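What follows is a single structure, written as structure tokens, with notes after it.
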Amino acid sequence: MDLHLHNTLTRSIERFVPIEEDEVRLYCCGPTVYNYAHIGNLRTYVFEDLLRRVLERAGYRVNHVMNITDVGHLTDDSDDGEDKMIIGARERGMSVWEIAEFFTDAFFRDFDLLNNTRPTVAPRATGHIQEMQDLITTLEAKGYTYQAGGNVYFEIGKFSEYGRLALLDRQQLMAGARIEVDEGKRNPHDFVLWFTNSKFEHQAMQWDSPWGRGYPGWHLECSAMSMKHLGDRIDIHCGGVDHVNVHHTNEIAQSEGATGKKWVNYWLHAEFLIMPSGRMGKSKGNMVTLSTLVDEGYDPLDYRYFLLGAHYRTQLSFAWDALAAARAARKSLIRQLQDAHARTGLSVDDLVGGSARDQLGATARGALDAIDDAFAHDLNAPKALGLLRAMLNDGTVDPADAARVALDADRVFGLRLVDELRRDDELPDDLASLIRERERARRDRDYASADRIRDRLQAAGVRIEDGPDGTVWKRE
RNA sequence: GGUGCCGUACCCAAGUGGCCUAAGGGAGAGGUCUGCAAAACCUUUAUUCACCGGUUCGAAUCCGGUCGGCACCUCCA
């Protein structure tokens, strides 16, 4: 399986070649834990999970690091901002440490509900203050920094490659277009490596440092933790597109400035989920969380299916209609799979285990190959999903083959299709006897009783379908 | 001002120059089945890819332009 991925560095799709033959070093920008993740944030994590699953399918061992940023960051980049963690803490009446823990737990709950694979390591920024300070010391020794107004800055003018990722022209950058210019900066795009408390008396999280008591700048943790857990050079770094211009651009400057080596070989960025009112954000008042979807009666996997229906590099508009369509589509996919399974008479384990490619019929094998090709071509999940549906619609494919291909492909889709089949394997005795009772009633043409029993089963989450071959039941 | 993305059926959406007289899903319509219901299944819905030029034997796909939508350049996936 030859992987091709879109690299933001070159704005083109490149063949993926890892540094080590069998292993991939993957760093994903994680959450800042001062509030709930919204479904826009979650789109990026589902994309990263897709990437990870495809890498593993291609045979790589993935060392996947995702940071938890539990240090507050300013509300904006000017020096008079307030720490987001403090705002969150004040609003909820908790300490900043409690806030961080609370929202980290909430984050991983959503993460799991979407069936994302947990990272190998999820390091916390507050646990890496020393590493960040060491990084500053290194940069200082190499002449990339200066101090002004109590803060330590990175001087972008000293890093000749600055802005290459974002294709920024330094002459064209609009200084202070939308933000206050920090008087202390030599260049408006210089950024803070270390804040001291000289200007922030209310900062709740502070640490001693060679530059005074304070806290780290917000780009620093990713560089420091990536280097600590993955080494000086990594294969892939990913995050949302909004990070290209500032966050990742600055991360590159400080990382490569410190090591003198090329830091990241492939940059992958997920496009945004867009609300009808524009970008989602707390301040815009258009924030939707996974809990919102669940409260509206959706399964988190309906949202995952919705996301899989669009390529990660295209903006996706959120709409309740579209989510409802995804739910219906996921249901019908499960139904097709259940039917295929039922026609084989095989156990679920037989179908999961025996998916050796060369034992499949030609059509099924061709479909599986095409699905893998789609995954390998810059993670084209929507195409792969279409191919899977087309194969399931193809009446000439042996049902056992169809089920095997579906379950195999689902190791990448992550829709828990195996679990859906297993749920059908057994029915509690009381419900089973109700079904038998209803069958007798129907034989006796006592349709009133039969309908009453059907309603009871429905209430218990079991749907009854009377077909030409008898009655079958399905879990709702 | 800079940097990108996008415009494909009623809606979402894939499309890696010829297998595209364009996947897949949703919704709609008609039908089969059925005590009823539900589900399922079948049929059906773009000779066309915003528009105009160009390159090519050949373009939805490449190039240029026009119109329209969106995002980033503020912490923000």
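If you're matching positions, the first sequence starts at 2 in our numbering and goes up one per residue. All residues carry an ideal CB built from backbone N, CA and C; glycine is no exception. Note that the structure is predicted; figures quoted are calculated from it, not measured.
- Per DSSP, the continuous alpha helix (DSSP H) segment holding Arg-444 begins and ends at 430-444.
- In this structure, DSSP gives Gln-207 a state outside helix and strand, which the three-state scheme calls coil.
- Looking at the backbone, the Cα of Asp-409 and that of Val-353 are separated by about 7 angstroms.
- Annotated as proximal: Thr-472 and Glu-440, with beta-carbon spacing under 8 angstroms.
- Leu-309 is positioned such that its CB atom lies no closer than 8 angstroms to that of Phe-376.
- Between the alpha carbons of Asn-68 and Arg-405 lies a distance of about 36 angstroms.
- For Gly-89, the uninterrupted alpha helix (DSSP H) segment begins and ends at 85-93.
- Between Ile-40 and Val-289, the gap from beta carbon to beta carbon is short of 8 angstroms.
- The three-state secondary structure of Glu-466, taken from DSSP, is strand.
- Inter-residue distance for Arg-476 and Ile-335 is about 11 angstroms (C-alpha atoms, whole angstroms).
- Contact annotation: the region 365-385 touches the region 44-59, with at least three C-beta pairs closer than 8 angstroms.
- Contact check for Arg-26 against Asn-64 passes: the beta carbons are separated by less than 8 angstroms.
- Assigned with DSSP and collapsed to three states, Asn-381 falls in coil, not helix or strand.
- Three or more Cβ pairs closer than 8 angstroms define a contact, and the region 262-277 falls short of that threshold against the region 290-307.
- With a cutoff of 8 angstroms on beta-carbon distance, Ala-451 and Arg-443 are scored as near each other.
- In this structure, the CA atom of Lys-332 is about 38 angstroms from the CA atom of Val-18.
- The region 108-169 is shown to contain whole beta strand (DSSP E) runs of 3 or more residues at 146-149 and 152-155, in chain order.
- Under DSSP, Leu-317 shares a beta bridge with Leu-274.
- Two segments are said to touch when three or more pairs of C-beta atoms, one from each, lie closer than 8 angstroms; by this definition the region 184-198 touches the region 153-160.
- Between Val-72 and Thr-127, the C-beta spacing is below 8 angstroms.
- Closest in alpha carbon position to Glu-21, among Asp-447, Ile-235, Thr-33 and Val-245, is Ile-235.
- With respect to Thr-364, Thr-397 sits close: the two C-beta atoms are nearer than 8 angstroms.
- By the criterion of at least three beta-carbon pairs nearer than 8 angstroms, the region 35-53 is in contact with the region 104-115.
- Gly-215 is bridged by DSSP to Thr-197 and Trp-208.
- In the DSSP secondary-structure assignment, Met-67 is bridged to Cys-29.
- Here Gly-258 is buried. Its C-beta has 16 or more other C-beta atoms within 10 Å.
- Taking Gly-218 as the centre and dropping the five residues before and after it, the same chain places the C-beta of Phe-192, Val-193, Leu-194, Trp-195 and Phe-196 closer than 7 angstroms to its C-beta, in chain order.
- Taken atom to atom, the span from the alpha-carbon of Tyr-216 to that of Arg-366 is near 56 angstroms.
- In the three-state DSSP reduction, Lys-332 falls in the helix class (H, G or I).
- Of the residues assessed, Ala-403 falls on the buried side of the cut-off, its CB having 16 or more other CB atoms within 10 angstroms.
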